[in-house]
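K.L.:
According to our numbering, the sequence shown is numbered sequentially starting from 16.
Beta carbons are placed, not taken as given, at the ideal position from N, Cα and C, and that holds for glycine.
Small disclaimer: the values here were computed from a predicted structure and weren't measured.
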Amino acid sequence: MRRRRTSLRALFGFALLCLVFSGNSYGAPSPVEELTVLKGKILKEDSKGQSVLVLQRVLGALGYDPGPQDGVFGPRTLEAVKRFQKDSGIAVDGVVGPRTVESLERIWARKFPPETYTLQPGETLSLVCARFGVSLEEVVRANGIKDPDLVYAGQTLILKPSAREQPGQDGQGGPGGPERPMPEDSSEPPPASRTSFPIPDKKICLTFNDGPDPTTTPEILDILSEYGIPAVFFVIGKNAERYPELVREIHERGYAIGIHGYEHVPLAGLSRQQALSDLSKALQVVERITAARPALWRPPEGAVDDMTRDLTRELDLTLVMWTNICGGDLPASDADGVLRGVLNYARDGAIILLHEGNPHVLAALPRIIEELAKRGFGFQGLR
Ligand SMILES: [Zn+2]
Numbered sequence: 016m017r018r019r020r021t022s023l024r025a026l027f028g029f030a031l032l033c034l035v036f037s038g039n040s041y042g043a044p045s046p047v048e049e050l051t052v053l054k055g056k057i058l059k060e061d062s063k064g065q066s067v068l069v070l071q072r073v074l075g076a077l078g079y080d081p082g083p084q085d086g087v088f089g090p091r092t093l094e095a096v097k098r099f100q101k102d103s104g105i106a107v108d109g110v111v112g113p114r115t116v117e118s119l120e121r122i123w124a125r126k127f128p129p130e131t132y133t134l135q136p137g138e139t140l141s142l143v144c145a146r147f148g149v150s151l152e153e154v155v156r157a158n159g160i161k162d163p164d165l166v167y168a169g170q171t172l173i174l175k176p177s178a179r180e181q182p183g184q185d186g187q188g189g190p191g192g193p194e195r196p197m198p199e200d201s202s203e204p205p206p207a208s209r210t211s212f213p214i215p216d217k218k219i220c221l222t223f224n225d226g227p228d229p230t231t232t233p234e235i236l237d238i239l240s241e242y243g244i245p246a247v248f249f250v251i252g253k254n255a256e257r258y259p260e261l262v263r264e265i266h267e268r269g270y271a272i273g274i275h276g277y278e279h280v281p282l283a284g285l286s287r288q289q290a291l292s293d294l295s296k297a298l299q300v301v302e303r304i305t306a307a308r309p310a311l312w313r314p315p316e317g318a319v320d321d322m323t324r325d326l327t328r329e330l331d332l333t334l335v336m337w338t339n340i341c342g343g344d345l346p347a348s349d350a351d352g353v354l355r356g357v358l359n360y361a362r363d364g365a366i367i368l369l370h371e372g373n374p375h376v377l378a379a380l381p382r383i384i385e386e387l388a389k390r391g392f393g394f395q396g397l398r
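(1) Which residues neighbour ligand 1 when neighbourhood means a C-beta less than 6 Å away from any of its non-hydrogen atoms? List them by chain order.
(2) From the DSSP secondary-structure annotation, give me the bridge partner or partners of residue 63.
(3) Would you please verify whether the beta carbon of residue 295 is less than 8 Å from any beta carbon of chain B?
(4) Per DSSP, which residues does residue 171 bridge with? Please list them.
(5) With distances taken from CA atoms, which of 321, 242, 290 is nearest residue 394?
(6) In three-state DSSP terms, what is residue 223?
(7) May I ask you to list the residues that DSSP assigns as paired with residue 249?
(8) Just the Cα atoms here: how many angstroms apart are residue 83 and residue 50?
(9) Mind checking who residue 368 pairs with in its DSSP beta bridge?
(10) Buried or exposed: which applies to residue 190, given that a residue is buried once 16 or more other Cβ atoms fall within 10 Å of its Cβ?
(11) Out of 272, 291, 64, which one is the CA nearest neighbour of residue 306?
(12) Pick helix, strand or coil for residue 312, following the three-state DSSP scheme.
(13) What residues are listed by DSSP as bridge partners for residue 392?
(14) Which residues does DSSP pair with residue 333 in a beta bridge?
(15) If you measure between the beta carbons of residue 345 and residue 386, is that distance less than 8 Å?
(16) Should residue 104 and residue 57 be called a contact, given that it needs their Cβ atoms to be closer than 8 Å?
(17) Compute every distance between the C-beta of residue 397 and the non-hydrogen atoms of ligand 2, then say whether any falls below 7 Å.
(18) When you compare only the Cα positions, how much space is there between residue 174 and residue 131?
(19) Assign residue 166 to one of three DSSP states: helix, strand, or coil.
(20) Are the CB atoms of residue 247 and residue 396 within a distance shorter than 8 Å?
(21) Opposite residue 58 in the DSSP bridges: which residues?
(22) For residue 43, name the three-state secondary structure that DSSP assigns.
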């Protein structure tokens, strides 16, 4: 494992070079450049400009007629966006934001898979094949790969576009787009696909900091429930006070709640009285809502010192740090980045930190669960 990490790091520069000089050879219109323009933008009715033109081109190529491709987000473009959102199983609001762009990228990748693709650090063969809707077996065969686990970042793979007419081998459904609509009401594969996962021989724990958050908590809970896996929510006391119904829901659905401070400030370095007051307040808020006293705490910014360790013992709390030490999902600029960040730190017994309020976490979560399961991980909570 250590040797593989080193080689990944060594090859990272090579992978970047491959991207810069050759790119991935897409036969169809150039989706990477096209869709990159839409990242971080919010486009809605009456928006105008180059991004809208790109959106119209992409919608048109995917079979959703946006009307004249004129860079003006008019009623026909609005209708096309809504039809696309409906087919993709995401919220049908006619607004093109991160979730819609992510779905456009995913469906584009499946409709126009590149002929070749250069593996990025942290990516696996099964992940790449699922993304492009191509058969793992065919890619293994086409590239003469002996062991699918022994691929490396920077390796250029031939993806056989002809394979994309087959249904996804991993249960991810067929290619998207209007010819073969996505499963109704779901942009993600049905949970039935889990039956093809290996029997877990390793355990991993997913944890969510900084909630509850009305923009993510309900959906995170739905995704976790859909896959039937445990997770731990480290809530901020003042957020819990503000959204008690979300705290109640986390608790009633059987997920463990830990505290992440009341004010969400690092306690190390404060006076003992200040730190005690912050922790006690957070404990009281959660206990008042759930009638259960949290037993776990995660220090904001991971800041602990002798004083906070003493308090941990006095308050009968268990201190929970995390394995993906480089800030978890925070440095990632998209869902793929979040997924790669998690996979890079996936090992038996790992505690994975993710943040509420981060839309990329929400977008990546089903894939995080599926990819870990495919790699033989089962999910566990914490006591
Ligand atoms: Zn935090």
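P.N.:
The short version:
(1) Output, sorted by chain position: 224, 225, 275, 279, 315.
(2) Looking up residue 63 in the sequence shown gives position 48. Answer is 87, bridged to residue 63.
(3) The displayed structure is made up of one protein chain only, and chain B is not part of it.
(4) In the sequence shown, the residue the question calls residue 171 occupies position 156. In the DSSP assignment, the residues bridged to residue 171 are 133.
(5) Here residue 394 refers to the residue found at position 379 of the sequence shown. Answer by Cα proximity: 242.
(6) Numbered from its first residue, the sequence shown carries residue 223 at position 208. It is a strand residue.
(7) Residue mapping note: residue 249 aligns to position 234 of the sequence shown, counting from 1. 224, 273.
(8) For the purposes of this step, residue 83 is identified with residue 68 of the sequence shown, where counting begins at 1. For the purposes of this step, residue 50 is identified with residue 35 of the sequence shown, where counting begins at 1. Spanning the alpha carbons of residue 83 and residue 50 requires a straight line of approximately 19 Å.
(9) Here residue 368 is taken as the residue at index 353 of the sequence shown, counted from 1. Looking at the DSSP assignment, residue 368 forms a beta bridge with 222.
(10) By one-based count along the sequence shown, residue 190 stands at place 175. Residue placement at residue 190 is poorly supported in this model, since its pLDDT is 37, which falls under 50; the coordinates still yield a value, given next. Residue 190 is classed as buried because its beta carbon has at least 16 other beta carbons within 10 Å across all chains shown.
(11) Indexing the sequence shown from 1 puts residue 306 at position 291. Answer by Cα proximity: 272.
(12) Position 297 of the sequence shown, counting from 1, holds the residue named residue 312. In the structure shown, residue 312 sits in a strand (DSSP, three-state: E or B).
(13) By one-based count along the sequence shown, residue 392 stands at place 377. Answer by DSSP bridge pairing, in chain order: 217.
(14) Taking the sequence shown and counting its residues from 1, one reaches residue 333 at position 318. In the DSSP assignment, residue 333 forms a beta bridge with 311.
(15) The residue you call residue 345 lines up with position 330 of the sequence shown. The residue you call residue 386 lines up with position 371 of the sequence shown. No.
(16) As a first step, residue 104 must be located in the sequence shown, where it is residue number 89. As a first step, residue 57 must be located in the sequence shown, where it is residue number 42. No, the Cβ-Cβ distance between residue 104 and residue 57 is not below 8 Å.
(17) As for ligand 2, it is missing from this structure, which binds only ligand 1.
(18) On the sequence shown, position 159 is the one that residue 174 refers to. On the sequence shown, position 116 is the one that residue 131 refers to. Roughly 5 Å separates the two Cα atoms.
(19) On the sequence shown, residue 166 is found 151 positions in, with the first residue counted as 1. DSSP places residue 166 outside both helix and strand once states are collapsed to three, so it counts as coil.
(20) Position 381 of the sequence shown, counting from 1, holds the residue named residue 396. Position 232 of the sequence shown, counting from 1, holds the residue named residue 247. Closer than 8 Å, so yes.
(21) Locating residue 58 in the sequence shown gives position 43, where the first residue counts as 1. DSSP output for residue 58 lists 111 as bridge partner(s).
(22) By one-based count along the sequence shown, residue 43 stands at place 28. Its pLDDT being 38, under 50, residue 43 is placed unreliably by the model, and the measurement read from it follows with that caveat. Coil.
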